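Structure, as structure tokens:
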Amino acid sequence: GGIITQTPKFLIGQEGQKLTLKCQQNFNHDTMYWYRQDSGKGLRLIYYSITENDLQKGDLSEGYDASREKKSSFSLTVTSAQKNEMAVFLCASSIDNSQNTLYFGAGTRLSVL
Amino acid sequence: GDSVTQKEGLVTLTEGLPVMLNCTYQTIYSNAFLFWYVHYLNESPRLLLKSSTDNKRTEHQGFHATLHKSSSSFHLQKSSAQLSDSALYYCALMNQGGSAKLIFGEGTKLTVSS
Chain A
12 GGIITQTPKF
22 LIGQEGQKLT
32 LKCQQNFNHD
42 TMYWYRQDSG
52 KGLRLIYYSI
62 TENDLQKGDL
72 SEGYDASREK
82 KSSFSLTVTS
92 AQKNEMAVFL
102 CASSIDNSQN
112 TLYFGAGTRL
122 SVL
Chain B
421 GDSVTQKEGL
431 VTLTEGLPVM
441 LNCTYQTIYS
451 NAFLFWYVHY
461 LNESPRLLLK
471 SSTDNKRTEH
481 QGFHATLHKS
491 SSSFHLQKSS
501 AQLSDSALYY
511 CALMNQGGSA
521 KLIFGEGTKL
531 TVSS
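Quick note, the sequences are listed as chains A and B, same order.
If you use my numbering, the first sequence corresponds to residues 12 to 124, in order.
If you use my numbering, the second sequence corresponds to residues 421 to 534, in order.
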């Protein structure tokens, strides 16, 4: 089996700060995703990548950048943290871009002071 | 665009009672894949069920769901709730437009008490 590792687990930032979240997978999966989890709003797609060097915007991409540096890693940058923002960011991967199972990481919990 | 609706944000049940969590969806594509993911506290979300076949019941770990394209629904059911079923349940949609985009609903928090 494989694993998805998200770092850091907890991230505390200041308003206006640029913050980077990292995700690594050893499944050798082609497709990777970043979702934001907010209570009552479900999982909202920020960015996804079908293969290495590909980048696709989700419905919530404004305020974020992403980078698929290599097949195994997918990072997400909050370009300017919003005051009092609190959310969990979940990374996921799947074998390819067809209707396959997503495997999720444990999440990065963000708090902005 | 595509969307998924889960009407109930919170469902509270007594152990032993049946579970039904609602999911409806909208898509312009005739071939849609529907999924149920479960997120237990302190764990990662994981797949519970998936289906793309109209009117065929899919089962896993005591839960079942049937995709009804005529009503655009994929409700999750279980005959008897257990305390360990307490979790956040997400319905999700991926269409066959080839975009790999998986759209989740708002989630339903199921709490089962004794």
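Just so you know, even glycine gets a beta-carbon here, dropped at the ideal spot from N, CA and C.
Note that the coordinates shown come from a computational prediction; the quantities given were computed from them, not determined experimentally.
Cβ-Cβ distances below 7 Å link tyrosine 457 of chain B to Pro465, Arg466, Leu467, Leu468, Tyr510, Ala512 in the same chain, with the five nearest sequence neighbours on each side left out; the list follows chain order. Secondary structure at leucine 503 of chain B: helix, using DSSP grouped into helix, strand and coil.
A residue is called buried once 16 or more other Cβ atoms fall within 10 Å of its Cβ, and lysine 94 of chain A, having fewer, is exposed.
Three or more Cβ pairs drawn from the segment 487 to 500 of chain B and the segment 439 to 451 of chain B lie within less than 8 Å of each other, which places the two stretches in contact. For aspartate 49 of chain A, the uninterrupted beta strand (DSSP E) run begins and ends at 42 to 49, by DSSP. CA-to-CA, the gap between glycine 436 of chain B and threonine 531 of chain B works out to about 12 Å. Cβ-Cβ separation between isoleucine 15 of chain A and phenylalanine 100 of chain A: approximately 12 Å, too far for a contact (criterion under 8 Å). The shortest C-alpha to C-alpha distance from glutamine 28 of chain A to any of A:Ser122, A:Ser91, A:Ala98 is the one to A:Ser91. Below 8 Å, too few C-beta pairs join the segment 52 to 60 of chain A and the segment 30 to 38 of chain A to call them touching: fewer than three. Inter-residue distance for threonine 112 of chain A and serine 471 of chain B is about 11 Å (C-alpha atoms, whole angstroms).
Bridge partners of glutamine 28 of chain A according to DSSP: none are assigned. Within chain B, no C-beta atom comes nearer than 7 Å to that of leucine 71 of chain A; the closest sits roughly 11 Å away.
An exposed status is given to aspartate 107 of chain A, since fewer than 16 other beta-carbon atoms sit within 10 Å of its beta-carbon.
Minimum Cα-Cα distance from valine 439 of chain B among the listed residues B:Asn451, B:Ala501, B:Lys521, B:His488 corresponds to B:Ala501. Contact annotation, tyrosine 59 of chain A with lysine 521 of chain B: C-beta distance approximately 7 Å; criterion of less than 8 Å satisfied. Here leucine 71 of chain A is not bridged, per DSSP, to any residue. In this chain, the beta strand (DSSP E) harbouring glycine 53 of chain A covers 53 to 60.
Against chain B, the CB of glycine 74 of chain A has no partner CB under 8 Å away; the residue lies outside that interface.
Judged by beta-carbon spacing, tyrosine 75 of chain A lies within the 8 Å limit of threonine 88 of chain A, meaning their Cβ atoms are closer than that value.
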